[in-house]
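Just so we're aligned: 95 in my numbering is position 82 of the sequence shown, and the numbers increase by one with no gaps anywhere.
Glycine residues also receive a C-beta, built at the ideal position from the N, C-alpha and C atoms.
Predicted model only: the values in this text are computed from it and were never measured.
Reading through the structure tokens given below for one structure.
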Amino acid sequence: MKEVGCCPNTSSYNVVIHLFGEKNEIGVAKCSMDEMVSIGLYLDMITCITMIKGFCNSNHLDDEHAVFCDMRNHGCSPNVVVYSTLVDEACKSESLGMTLELLDEMERDKNDCSKPNVVTYTSLIQNLCESQEGQAKEALGVLDWMRADAL
Numbered sequence: 014m015k016e017v018g019c020c021p022n023t024s025s026y027n028v029v030i031h032l033f034g035e036k037n038e039i040g041v042a043k044c045s046m047d048e049m050v051s052i053g054l055y056l057d058m059i060t061c062i063t064m065i066k067g068f069c070n071s072n073h074l075d076d077e078h079a080v081f082c083d084m085r086n087h088g089c090s091p092n093v094v095v096y097s098t099l100v101d102e103a104c105k106s107e108s109l110g111m112t113l114e115l116l117d118e119m120e121r122d123k124n125d126c127s128k129p130n131v132v133t134y135t136s137l138i139q140n141l142c143e144s145q146e147g148q149a150k151e152a153l154g155v156l157d158w159m160r161a162d163a164l
């Protein structure tokens with residue numbers, strides 16, 4: 014960008030990161046995010062969600078979790094979209110422990126923007142029903158949680 018007289022900003026990097034993620038070039042997307050930080054730009058919610066979704070789509074679960082942890086270090090609190098993405102991915106990898114940990118963290122978080130919503134619970138129900146064990150009983154339990162939360 015600099016070569017053609019453009020001064021990159023967070024929004025322009027977010028577009029680049031998104032495009033590389035769409036092309037499953039998550040390594041290049043990560044390099045772009047690192048470059049963004051190295052030149053003094055801030056990570057925003059869009060940057061973090063884009064990276065997390067990109068890592069999820071390419072099955073880089075450790076990297077996805079690292080971005081999630083780094084969010085707070087960059088002054089970006091995870092919201093329900095971030096958590097729901099992580100819950101969905103944890104469910105798909107059949108990591109019930111991680112899923113429950115994320116849901117617990119969402120419930121404990123003082124930020125109302127991170128409370129589980131219908132999308133979060135629907136993802137959990139779908140993945141429970143589609144799991145190899147076919148955990149319909151647990152899925153019905155999630156419906157009870159939703160009723161308790163008045164969702």
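Using CA coordinates, which residue listed in the options is at the minimum distance from residue i?
| i | options | result |
| --- | --- | --- |
| residue 165 | 120, 126, 148 and 144 | What is shown of the chain runs 14 to 164, which leaves residue 165 out entirely. |
| residue 103 | 142, 137 and 28 | 137 |
| residue 129 | 92, 153 and 21 | 92 |
| residue 71 | 25, 40 and 108 | 40 |
| residue 53 | 84, 109, 21 and 38 | 21 |
| residue 108 | 27, 80 and 146 | 146 |
| residue 124 | 89, 23 and 28 | 89 |
| residue 113 | 155, 19, 24 and 80 | 155 |
| residue 49 | 25, 32, 80 and 100 | 25 |
Which of the three DSSP states is assigned to residue i in this structure?
| i | result |
| --- | --- |
| residue 136 | helix |
| residue 88 | coil |
| residue 56 | coil |
| residue 162 | coil |
| residue 7 | Nothing about residue 7 can be reported from this structure: the residues present for the chain run from 14 to 164 only. |
| residue 19 | coil |
| residue 114 | helix |
| residue 102 | helix |
| residue 73 | coil |
| residue 27 | helix |
| residue 51 | helix |
What residues in its chain sit with their C-beta under 7 Å from that of residue i, if we drop five residues either side in the sequence?
| i | result |
| --- | --- |
| residue 30 | 42, 45, 46, 60, 63 and 64 |
| residue 151 | 141 |
| residue 96 | 115, 119, 127 and 133 |
In chain order, what residues of the same chain have a beta carbon less than 8 Å from the beta carbon of residue i, not counting five sequence neighbours either side?
| i | result |
| --- | --- |
| residue 148 | 141 and 142 |
Ignore the nearest five residues each way along the sequence and tell me which others in residue i's own chain have a CB closer than 6 Å to its CB.
| i | result |
| --- | --- |
| residue 76 | 68 |
| residue 157 | none |
| residue 163 | none |
| residue 84 | 61 and 91 |
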